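Peer 1: Just so you know, we're using the working numbering here: the first sequence kicks off at 316 and counts up by one.
Yeah, the Cβ is synthetic: ideal placement off N, Cα and C, and Gly gets one too.
On a predicted model such as this, the values are computed, not experimentally measured, just so you know.
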Amino acid sequence: MKSEPDVFSFADLKARPGQKEPWDGVRNYQARNYMRDDMKVGDRILFYHSNTNPPGVAGVAEVASAPYADPTAFDQKSKYYDPKSDPENPRWMLVEVKYKEDLKRLVSLEEMKAMPELSDMRVLQRGNRLSITPVTKLEFEAIRKAGKVSA
DNA sequence: GCCAACGTTGGC
DNA sequence: GCCAACGTTGGC
């Protein structure tokens, strides 16, 4: 799951251990579908920092709730407000996440690109802009392992 | 700040 | 249903 650390960082999540944070504001259907259909409580998450230098995986989080309607879609004061989302039939869904585990260091995008295990990873494909993508167990473990050893 | 890539919108 | 225009993402 991607986040801009200026908006919400892994350190922000870690600062509230055990607390569930709603992953709100997703306004892309594919990303929504992954949260709604594929994420289960307890699933581990690679928390990726985008739009920062360097971008990369900052830590491990965990899915902490079943999917439910994103309340910011109904909030006229929210920048994520969507007048077309009907509360009776919500267009946007989210899951809550919580802090899981530290890495010793950030695994940078550059480093990920050089890892052969990650050659098919969605987030590394050209032009990928999805903020949420599925990760295979192999990909997950390769990144986690890299982050567990000092550079 | 630039710009390629991509998703969405809306006229037709 | 097509597609041009537009807005956004995100690496660099």
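If you drop the 5 nearest sequence neighbours on each side, which residues of the same chain put their C-beta closer than 8 Å to that of Y396?
Peer 2: Taking the first sequence and counting its residues from 1, one reaches residue 396 at position 81. T387, A388, F389 and D390.
Peer 1: Tell me which residues share the same chain as K329 and place their Cβ nearer than 6 Å to its Cβ, disregarding the 5 neighbours each side in the sequence.
Peer 2: By 1-based counting over the first sequence, the position of residue 329 is 14. If we look at K329 and ignore the five residues flanking it on each side, its Cβ neighbours are Y414.
Peer 1: Can at least three beta-carbon pairs, one atom from the region 435–454 and one from the region 396–412, be found at a separation below 8 Å?
Peer 2: Verdict: no, contact absent.
Peer 1: Using DSSP with H/G/I as helix, E/B as strand and the rest coil, what is M408?
Peer 2: Counting from 1 along the first sequence, the entry for residue 408 is found at position 93. Reduced to three states, the DSSP call for M408 is strand.
Peer 1: Can you tell me whether DSSP reads A457 as helix, strand or coil?
Peer 2: Against the first sequence, residue 457 aligns to sequence position 142. Three-state result, A457: helix.
Peer 1: Just how far apart, CA to CA, sit A376 and K392?
Peer 2: Position 61 of the first sequence, counted from the first residue, corresponds to residue 376. Position 77 of the first sequence, counted from the first residue, corresponds to residue 392. Cα to Cα, A376 sits roughly 29 Å from K392.
Peer 1: Please name the residue, chosen from Q345, D435 and S318, that lies closest to I360 on a Cα-to-Cα basis.
Peer 2: Here residue 360 refers to the residue found at position 45 when the first sequence is read from its first residue. Checking every option, the nearest Cα to that of I360 belongs to S318.
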